[in-house]
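Position in the sequence shown (from 1) plus 2 gives the number in this note's numbering.
Below you'll find the structure, written out as structure tokens, and then a few comments.
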Amino acid sequence: MKKTFLAATVSLAALTGTTAVAMDDVIVAFAGTEDLQNDAEYVFIHAFAESLAEHGVNVTVHPSNTLGKESDRFDQTSQGLIAVNIANGGSLMKASKWASTLFLPFLTSDEASFDRVVEESAALDRINDEASRLGIKVAGFAMRGGSLGLFNTEKPVTTLEDVADMRLRAQNGDQVTFMSEWGAKPTVVSWAETPNALQTGVAVGHFNPPSTVVAAGQVELLDYFTPLEAGPVPKVIMLSDDWYSFLNEEEQGWVDDAIATGIAVNREWAQEQVPYFEQTIQDGGIEITPLAEGERAKFAEASRSVWNQIVSQEDVDYISQFTN
């Protein structure tokens, strides 16, 4: 349902003593819900909107895919119908082939290491060189909270050998590649169909952090979680390039500041919420089973051995300069 959020109470004319006209409403769309406790995307959006409200700018929020699913929102952002879209990694890869490099498993372990790699590698510049051709500007990332691990319904996983022949839900062909190298039997299943796949045995697990399982309401469907520290889950802050370009310099500054504020609030939230999400899945009956000593290195080595099947060796070599 469409919701107008944080309507401005002070006009720009009142603030400046001039007849300046305020920016039009900023249209923001995302797949999640307006839940500051569980939804990382909304945490960013809420802080973003509060920052713009300080300048008399109203933000109109469309949650829960009310403006369309990922592909629909991508197209509307490209066309300038949506100003800000919080997208998933798959949508980003439609705009930038190089962006797949940032989503390599075990490239980073947490939000801080991801942010460092993005900054030091000038990743946004490389992404936007490609994305601008489709009318997209990527402004940064909002983190889901926590690091990637393995959920399943079958058994405790503490070693790489434990996933042999395990039927895992894969998001896409890239996940099929590295999960196969683990010895698993992955199958591509859409996120919307994942609950049914878990209930019918089409898949017995998937690769996500606890925050995603809590937000998706899947706690009751799963029995075990193994932390792999395989990297954070970035959601993509995607702007309409046309919309942003038509703002004047001052307005662009407001938007830039609002994005920076939203990201900072999101990062603080992501760190603080990790214990909450872990406790929530345990309270729901999911057992957390840590890896045995030395086993994370085996998962990482297997995953890194096929990085060059996911992206080019040139891109592997480039991004590897910025990892520890």
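All C-beta atoms in this analysis are idealised placements derived from N, C-alpha and C, irrespective of residue type, glycine included.
Between which two residues does the beta strand (DSSP E) containing residue i stretch?
i	result
Lys300	Unbroken run through Lys300 is the alpha helix (DSSP H), 297 to 306; no beta strand (DSSP E).
Arg171	169 to 172
Leu162	Premise fails: Leu162 is in no beta strand (DSSP E) and is neither H nor E.
Ile321	Run containing Ile321: none in the beta strand (DSSP E); it sits in the alpha helix (DSSP H), 315 to 322.
Gly142	138 to 145
Ile29	28 to 31
Thr240	The sequence as given places Met at residue 240; Thr does not occur at that position. That run of the beta strand (DSSP E) goes 236 to 242.
Asn60	No beta strand (DSSP E) contains Asn60, which DSSP labels as neither H nor E.
Leu152	151 to 154
Phe227	226 to 229
Val221	Unbroken run through Val221: none, as it is neither H nor E.
Thr179	Per DSSP, Thr179 belongs to no beta strand (DSSP E); it is in the alpha helix (DSSP H), 175 to 184.
If you count every other CB in all the chains shown that lies within 10 Å of the CB of residue i, and 16 or more means buried, which is it?
i	result
Trp309	buried
Phe32	buried
Leu38	exposed
Arg146	buried
Pro277	exposed
Val190	exposed
Ser307	exposed
Gly207	buried
Residue i to residue j, Cα distance in whole Å?
i	j	result
Ala47	Leu54	The residue you asked about is not Ala; residue 47 is Ile in the sequence shown. Computed Cα separation, rounded: 11 Å.
Trp245	Met25	11 Å
Arg128	Ala89	18 Å
Trp193	Gly70	15 Å
Arg171	Val221	16 Å
Ile312	Asp176	6 Å
Ser149	Phe108	10 Å
Val61	Glu252	17 Å
Ala22	Trp256	Confidence at Ala22 is low in this model, with a pLDDT of 46, below 50, so its placement is unreliable and no value can be given for it.
Thr68	Val28	16 Å
Ser66	Thr35	6 Å
Asn198	Glu72	20 Å
Ala49	Val30	13 Å
Thr291	Thr160	6 Å
Could you please give the first and the last residue of the uninterrupted alpha helix (DSSP H) stretch that includes residue i?
i	result
Pro277	251 to 285
Pro212	212 to 218
Pro197	196 to 202
Val119	113 to 122
Gln39	It is not in any alpha helix (DSSP H) - Gln39 carries neither H nor E in the DSSP assignment.
Ile312	309 to 312
Ala133	125 to 133
Am I right that residue i and residue j are in contact with their C-beta atoms under 8 Å? What's the rounded C-beta distance?
i	j	result
Lys237	Ala42	6 Å
Check: Enumerated in chain order, which unbroken segments of the beta strand (DSSP E) with a length of 3 residues or greater are wholly contained in the region 66 to 99?
Finding: As summarised for the region 66 to 99, the continuous beta strand (DSSP E) elements at least 3 residues long and confined to that stretch are 86 to 89, given in chain order.
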